[in-house]
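Student:
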Amino acid sequence: MIEIDGLTKSYGRRIVVDGITLAIPRGGLTGIIGPNGAGKSTLLGLASRLLAADRGTVTVDGLDVARASGDLLARRLSVLKQENRVAARLTVRDLVAFGRYPHSRGRLSPGDRAHVEKALDFLDLQSISGSFLDELSGGQRQRAYVAMVLSQDTDYMLFDEPLNSLDIRHAVSMMHLLRNASRSFGKAVVVVLHDINIAANFADRIIGMKDGRVVFHGDTADVMTGAHLSSIYDIPIRVHRLEGQYVTTYALPGEPEGGAGGEPVLVADD
Ligand SMILES: Nc1ncnc2c1ncn2[C@@H]1O[C@H](COP(=O)(O)OP(=O)(O)OP(=O)(O)O)[C@@H](O)[C@H]1O
Ligand SMILES: [Mg+2]
Numbered sequence: 160m161i162e163i164d165g166l167t168k169s170y171g172r173r174i175v176v177d178g179i180t181l182a183i184p185r186g187g188l189t190g191i192i193g194p195n196g197a198g199k200s201t202l203l204g205l206a207s208r209l210l211a212a213d214r215g216t217v218t219v220d221g222l223d224v225a226r227a228s229g230d231l232l233a234r235r236l237s238v239l240k241q242e243n244r245v246a247a248r249l250t251v252r253d254l255v256a257f258g259r260y261p262h263s264r265g266r267l268s269p270g271d272r273a274h275v276e277k278a279l280d281f282l283d284l285q286s287i288s289g290s291f292l293d294e295l296s297g298g299q300r301q302r303a304y305v306a307m308v309l310s311q312d313t314d315y316m317l318f319d320e321p322l323n324s325l326d327i328r329h330a331v332s333m334m335h336l337l338r339n340a341s342r343s344f345g346k347a348v349v350v351v352l353h354d355i356n357i358a359a360n361f362a363d364r365i366i367g368m369k370d371g372r373v374v375f376h377g378d379t380a381d382v383m384t385g386a387h388l389s390s391i392y393d394i395p396i397r398v399h400r401l402e403g404q405y406v407t408t409y410a411l412p413g414e415p416e417g418g419a420g421g422e423p424v425l426v427a428d429d
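Take any residue in the sequence shown, count from 1 to its spot, add 159: that is its number in my numbering.
1) Go through its chain and collect everything with a Cβ distance to SER341's Cβ below 6 Å, but skip five positions before and after it.
2) In this structure, does DSSP put LEU292 in helix, strand or coil?
3) Mind checking ASP381: buried by the 16 CB within 10 Å criterion, or exposed?
4) Relative to the C-alpha of GLY367, which residue among PRO412, ASN360, LEU203 and MET383 is closest?
5) Any idea which residues DSSP pairs ALA182 with across the strands?
6) What residues are listed by DSSP as bridge partners for THR313?
7) From ARG372 to SER286, what distance separates their C-alpha atoms?
8) Exposed or buried, what is SER310 when buried is set at 16 or more other beta-carbons lying within 10 Å of its beta-carbon?
9) Enumerate in chain order the residues of its own chain whose CB-to-CB distance from VAL176 is below 7 Å, with the five nearest sequence positions on each side excluded.
10) Taking the alpha carbon of ILE191 as the point to measure from, which residue in ARG400, TYR405, ASP271 and THR379 has its own alpha carbon closest?
11) Where ARG248 and LEU254 are concerned, what is the direct C-alpha to C-alpha distance, given to the nearest angstrom?
12) With respect to the alpha helix (DSSP H) encompassing LYS199, which residues constitute its N-terminal and C-terminal limits?
13) Per the DSSP calculation, LEU222 is bridged to which residue(s)?
14) Does THR408 pass the burial test, meaning 16 or more other C-beta atoms within 10 Å, or should it be called exposed?
15) Using 8 Å for Cβ pairs, my map puts LYS369 next to GLY193. What's the rounded Cβ distance?
16) Quick one: grab the DSSP three-state call for ASP191.
17) So, under 8 Å CB-CB, VAL245 and SER288 are touching, yes? Tell me the CB distance rounded to an integer number of Å.
18) For PRO321, is the classification buried or exposed, using 16 other Cβ atoms within 10 angstroms of its Cβ as the cut-off for buried?
19) Since ARG397 contacts ASP314 with CB under 8 Å, what's their CB separation in whole angstroms?
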């Protein structure tokens, strides 16, 4: 369980995380959604100690994130930041192996190597594992960073917009992978997402943020409503079900609030 209590962070006079209290259990995928500037990345940064809080605490299975030793924390919780850049010229395999550092201290055991190969397999990276990061496309590089976090193999994994630059096949396959990791291996996977359809279709729970606060939080089926989404994004959004999936629509310029009306229909199916 990640337990967040009264967490607050300001920059100057601006409060960007405003007294958040929240519990995120293990087992299942938690999606965090909300508009630009809502405080999603700051919340993840505070939860993983990349940032220091002004007030409040975060514990992970009882371990106080602010006071834990770096080693212990790195074996329990891993994080993918929104922006990732390494200065060194590394291959994909080197980067993924770097994820084992908290376990291996730089000397990879056969077990560490198995984790690296598994992560390369899962993210469809074997064919480019010898390529340097600066030779990759944006989506390939993004998958390499996610593989690095997966190879760390912690019980708690936080991902800030892991789908950035991914095509639809790789986005869907990554969400399957993260959901399976959370359900089959009892991990807590927390994912910041901008695609609300993907969030609704893959997350077991959704946290909706706006202006540094949690506006709603709960099981996806309970909180995935047009009223909730409209309240955080400040545009009329409607939620439909189509072939068992959530589909959201929004008003286009010139249309009445809540879209043009009617249920979604298939445009073509050949
Ligand atoms: N280092 C900083 N100094 C000053 N203000 C900051 C800093 N980092 C973030 N902020 C501000 O904090 C607020 C929350 O930023 P944050 O990055 O957490 O938003 P976000 O929800 O992740 O947005 P996005 O969807 O654009 O990634 C924003 O208003 C941002 O301008
Ligand atoms: Mg962000």
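Where a beta carbon is used, it is the ideal one built from N, C-alpha and C, also for glycine.
Here the structure is a predicted model, which means the values were calculated and not measured.
Tutor: In short:
1) Translated into the one-based positions of the sequence shown, residue 341 becomes position 182. Taken in chain order, the residues that qualify are GLY187, LEU188 and VAL348.
2) Counting from one through the sequence shown, the residue named residue 292 turns up at place 133. Residue state, collapsed to three classes: helix.
3) On the sequence shown, residue 381 is found 222 positions in, with the first residue counted as 1. By the 10 Å Cβ count, ASP381 comes out exposed.
4) Position 208 of the sequence shown, counting from 1, holds the residue named residue 367. Here the closest residue by C-alpha is MET383.
5) Within the sequence shown, the letter at position 23 stands for residue 182. According to DSSP, which records beta bridges pairwise, ALA182 is partnered with GLU162.
6) In the sequence shown, the residue the question calls residue 313 occupies position 154. Note: THR313 sits in no beta bridge, so no partner.
7) Taking the first residue of the sequence shown as position 1, residue 372 is located at position 213. Taking the first residue of the sequence shown as position 1, residue 286 is located at position 127. Answer to the nearest angstrom: the Cα atoms are 43 Å apart.
8) Sequence index remark: in the sequence shown, residue 310 carries index 151 (1-based). It is buried - the Cβ of SER310 has at least 16 other Cβ atoms within 10 Å.
9) Within the sequence shown, residue 176 is the residue found at index 17, counting from 1. Excluding positions up to five away in sequence, the list reads LEU166, THR167, LYS168, GLY198, THR201, LEU202, LEU205 and GLY371.
10) In the sequence shown, the residue the question calls residue 191 occupies position 32. Comparing Cα positions, the closest option is THR379.
11) In the sequence shown, the residue the question calls residue 248 occupies position 89. In the sequence shown, the residue the question calls residue 254 occupies position 95. If I take the Cα positions, the gap works out to 10 Å.
12) Start at 1 with the first residue of the sequence shown, and residue 199 comes out as number 40. Counting along the chain, the alpha helix (DSSP H) containing LYS199 begins and ends at 199 to 206.
13) As a working mapping, residue 222 is identified with position 63 in the sequence shown. DSSP lists VAL219 as partners of LEU222.
14) Your numbering for residue 408 matches position 249 in the sequence shown. So THR408 counts as buried.
15) Numbered from its first residue, the sequence shown carries residue 369 at position 210. Numbered from its first residue, the sequence shown carries residue 193 at position 34. Correct: roughly 6 Å between the Cβ atoms.
16) Mapped onto the sequence shown, residue 191 falls at position 32. Note on residue identity: the sequence assigns Ile, not Asp, to residue 191. Correct three-state label for ILE191: strand.
17) Mapped onto the sequence shown, residue 245 falls at position 86. Mapped onto the sequence shown, residue 288 falls at position 129. Rounded, the Cβ-Cβ distance is 16 Å, inconsistent with contact.
18) Looking up residue 321 in the sequence shown gives position 162. Classification of PRO321: buried, given that the 10 Å Cβ count is 16 or more.
19) By 1-based counting over the sequence shown, the position of residue 397 is 238. By 1-based counting over the sequence shown, the position of residue 314 is 155. With a Cβ gap of about 37 Å, ARG397 and ASP314 do not count as contacting.
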